[in-house]
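Numbering (UniProt numbering), first residue to last: 1 to 254.
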């Protein structure tokens, strides 16, 4: 999946200034794929890795964010294929004082298998096996009209398609590393950003992301993570004690 994801990144109409891969303990085969892309990419590809010690997405995301050199960070997952204007749309939509969440188009198992086998990243919206097709329709008018979509529901975000100013992530101390295992880390950080005065804006029908089907990760920690998220929400917290600042320089912490 990562190979198709990186392939779609390198075929963007507007290329990113850098790519950071937050790698939560993958093996040698992933390293080889990344190295292959590093040889030919026109921008730096930084492989941020730590050893496999269970699902520690919040930790590796913070480590990658700390190493970002650019002011604006577009966050995706490794199981995503980007529309060719994905980065262009995100850059045009970005505004100071806000963070962004987008939608995704779900690819059904059979088509996902076909794409992976053929190493293909072009996905016509009308294809059989494309779910929620309307999310794959790129339309600037709808994007403008829908930017307040679900604004009142601050918990509603898609971690596979988000955009943040790095200074805002520093302000709330990034991802909450007390959240171990899969689930709710994106909603929890969205709460803290919102309570810190950073407005959520939703990018609909632009910055289109196609999600490749795969079995879900274990939800064994979901209940604990949900409790942490609800505590953040109920107490209107803007800061987490164990977060991004562990990896920042002294200058960045100020």
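We put the CB at the ideal spot given by N, CA and C, even for glycine.
Being a predicted model, the structure only gives us computed values, none of them experimental.
| Check | Outcome |
| --- | --- |
| Whose C-alpha, out of 16, 201, 145, is nearest the C-alpha of residue 162? | 201 |
| Going by beta-carbon coordinates alone, are residue 131 and residue 208 separated by less than 7 Å? | no |
| Apart from the five residues just before and just after residue 283, which ones in its own chain have a Cβ nearer than 7 Å to its Cβ? | Since the first and last residues shown for the chain are 1 and 254, residue 283 lies out of range. |
| Should residue 61 go down as buried or exposed, given a rule of 16 or more other Cβ atoms within 10 Å for buried? | buried |
| From this set, 165, 90, 191, which residue's C-alpha is nearest residue 176's C-alpha? | 191 |
| For the segment 69-82 against the segment 11-18, are there 3 or more C-beta pairs whose distance is under 8 Å? | yes |
| If residue 170 sits next to residue 57, beta carbons under 8 Å apart, how far is it from one beta carbon to the other, in whole angstroms? | The Cβ separation is near 19 Å, so there is no contact. |
| If residue 204 and residue 142 are in contact, beta carbons under 8 Å, what's the gap, nearest whole angstrom? | 6 Å |
| DSSP puts residue 73 in a beta bridge; with which residues? | 164 |
| Can you give me the start and stop residues for the alpha helix (DSSP H) that residue 46 sits inside? | Where residue 46 is concerned, there is no enclosing alpha helix (DSSP H), although the beta strand (DSSP E) it sits in stretches over 45-49. |
| Going along the chain, which residues of its own chain have a beta-carbon closer than 8 Å to the beta-carbon of residue 159, five neighbours each way excluded? | 75, 77, 185, 186 |
| What number of angstroms, rounded off, separates the C-alpha of residue 262 from the C-alpha of residue 111? | Here the chain covers residues 1 to 254 and nothing more, so residue 262 does not appear. |
| Just how far apart, CA to CA, sit residue 96 and residue 225? | 29 Å |
| Going by the CB atoms, is the gap between residue 33 and residue 2 shorter than 7 Å? | yes |
| Taking all protein chains shown into account, do 16 or more other C-beta atoms lie within 10 angstroms of the C-beta of residue 103, making it buried, or fewer, making it exposed? | buried |
| Does DSSP classify residue 32 as helix, strand or coil? | helix |
| Report the partner residues of residue 199 according to the DSSP bridge assignment. | 98 |
| Check this for me: beta carbons of residue 173 and residue 239, under 7 Å apart or not? | yes |
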